[in-house]
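Asker:
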Amino acid sequence: MRDDDLIAFTRKALALLFIVALAALVVELSYLLILVFASVVVAVVLRSLAGHFLRLRLGNGAAVGLAVLSLLAIFAGLGAMFGGLVSGQFAELGHQLPRAVDAAQAYLDHWHIDYNLSEMAKVAREQLSSIFQRASGFVISVGGVVADVAVVFVGGIFFAADPAFYRGGVLRLLPRSVESLMADALDDCGRGLQLWLKGQMVSSLFIAALTLAGLLLLDVPSAYALAILAGAFDFIPYLGPVLAAIPGVLVGFSASPTTGLWTIGLFVLVQQIQGHVVQPMVQKSSVDLPPVVLLFTVIATGTLFGPPGVLLAAPMTIVGYILVQHLYIGAMLGRSPKRPAGPREPT
1 MRDDDLIAFT RKALALLFIV ALAALVVELS YLLILVFASV VVAVVLRSLA GHFLRLRLGN
61 GAAVGLAVLS LLAIFAGLGA MFGGLVSGQF AELGHQLPRA VDAAQAYLDH WHIDYNLSEM
121 AKVAREQLSS IFQRASGFVI SVGGVVADVA VVFVGGIFFA ADPAFYRGGV LRLLPRSVES
181 LMADALDDCG RGLQLWLKGQ MVSSLFIAAL TLAGLLLLDV PSAYALAILA GAFDFIPYLG
241 PVLAAIPGVL VGFSASPTTG LWTIGLFVLV QQIQGHVVQP MVQKSSVDLP PVVLLFTVIA
301 TGTLFGPPGV LLAAPMTIVG YILVQHLYIG AMLGRSPKRP AGPREPT
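The working numbering puts the first residue of the sequence shown at 1, with every later residue one more than the last.
1. Considering only their Cβ atoms, is the gap separating residue 36 from residue 156 smaller than 7 Å?
2. Within 10 angstroms of the Cβ of residue 173, are there 16 or more other Cβ atoms? Answer buried if so, exposed if not.
3. Note down, one range per segment and in chain order, each alpha helix (DSSP H) of at least 4 residues found wholly within the stretch 273-322.
4. In chain order, what residues of the same chain lie with their CB nearer than 8 Å to the CB of residue 282, ignoring the 5 residues before and after it?
5. Taking the C-alpha atoms as reference points, what is the distance between residue 274 and residue 207?
6. Go to residue 40, then tell me how far its alpha helix (DSSP H) extends in each direction, as first and last residue.
7. Alpha carbon to alpha carbon, how far is residue 215 from residue 266?
8. Residue 293 and residue 252: beta carbons closer than 7 Å?
9. If you follow the alpha helix (DSSP H) that residue 233 is part of, which residue opens it and which one closes it?
10. Where do the N-terminal and C-terminal ends of the alpha helix (DSSP H) with residue 198 fall, by residue?
11. Can you tell me whether residue 237 is helix, strand or coil according to DSSP?
12. Rounded to whole angstroms, what's the CA-CA distance from residue 326 to residue 80? Just pull it up for me.
13. Using three-state DSSP, classify residue 57 as helix, strand or coil.
14. Are the beta-carbon atoms of residue 340 and residue 167 separated by less than 7 Å?
15. Nearest-angstrom Cα distance between residue 73 and residue 40?
16. Indicate whether the contact test is met: 3 or more Cβ pairs, each with one atom in the stretch 221-237 and one in the stretch 305-319, closer than 8 Å.
17. Could you tell me how far apart the beta carbons of residue 210 and residue 270 are, in whole angstroms, since I believe they sit closer than 8 Å?
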């Protein structure tokens, strides 16, 4: 074997070993990478709020600081106005759910439907507990979920205060030949996340308000707590509405069979409005994702990362979809990539 061939073979072998080692490192630090990505999403939220203060010709640090204070003030104000009502309703909901399962089981037995709802609820609790334990090993070792939230929030503040610095750091790790391409892709990722978050916030508020109105009309107990759950679960594509409907339907059946059936109809109606009216408007204003891609990404991220992966499935899909559009469809296939809606300005 000639020296040139030996050198080329050695380089290829080292490159392969580096790729394998990098993949192993990514798998080992997968939960840490999820925290980093969550910090980026928080940074996008803070930059959206800081944009209003940047129009006053304030610096990045001052604008982000005011955005953080504004966000904390909003949460504090909502907590002061509705904290007692919501906490009381969630406590009531926690007491009602076991009774609701028993009541629903009694109706199933009365209707001669051979299905052990109590056993299903027990298995679901055990599976959820197992998933949280597997996915939260890193979290527990550093102090729990509260520590995670603090790390994500502080990381988001750092990212939002000087995004150009971190963007430039990522670009410096790449060859000059792809620097311009990757810069364009990163700008589109930031813009796509920003547009999706704005649309998703509107969607969640709409779903929560519509669900609350329906539950109050049906006189379902703990209506405010159930509506908040519906709005929060709206951030999880496809699976969210189903997860939000389960406690609502159980509580409805605990009141009466008629109320339970009407509650099922309410959640089906809300899901149809969300899927056929609200969600298409959100996607049209941000990134038009194929529904099947989003569905399987939820399953994949949930399998790989547990509950945090499910919560971040939509923004992860948006980033992955935009990168594929730029790096594969645009750069390798030479076709025009699909880009987020809105003005083409660096984010």
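Even glycine gets a Cβ: it sits at the ideal position worked out from N, Cα and C.
Note that this is a predicted model, so its numbers are computed, not measured.
Answerer: Taking the coordinates as given:
1. no
2. Residue 173 should be labelled exposed.
3. 279-284, 291-305 and 307-311
4. 196, 199, 200, 202 and 203
5. 7 Å
6. 30-54
7. 8 Å
8. no
9. 223-233
10. 176-218
11. coil
12. 46 Å
13. Of the three classes helix, strand and coil, the one that applies to residue 57 here is coil, per DSSP.
14. Inclusion of residue 340 and residue 167 in the CB contact set at 7 Å is not warranted, their separation being larger than that value.
15. 22 Å
16. yes
17. 6 Å
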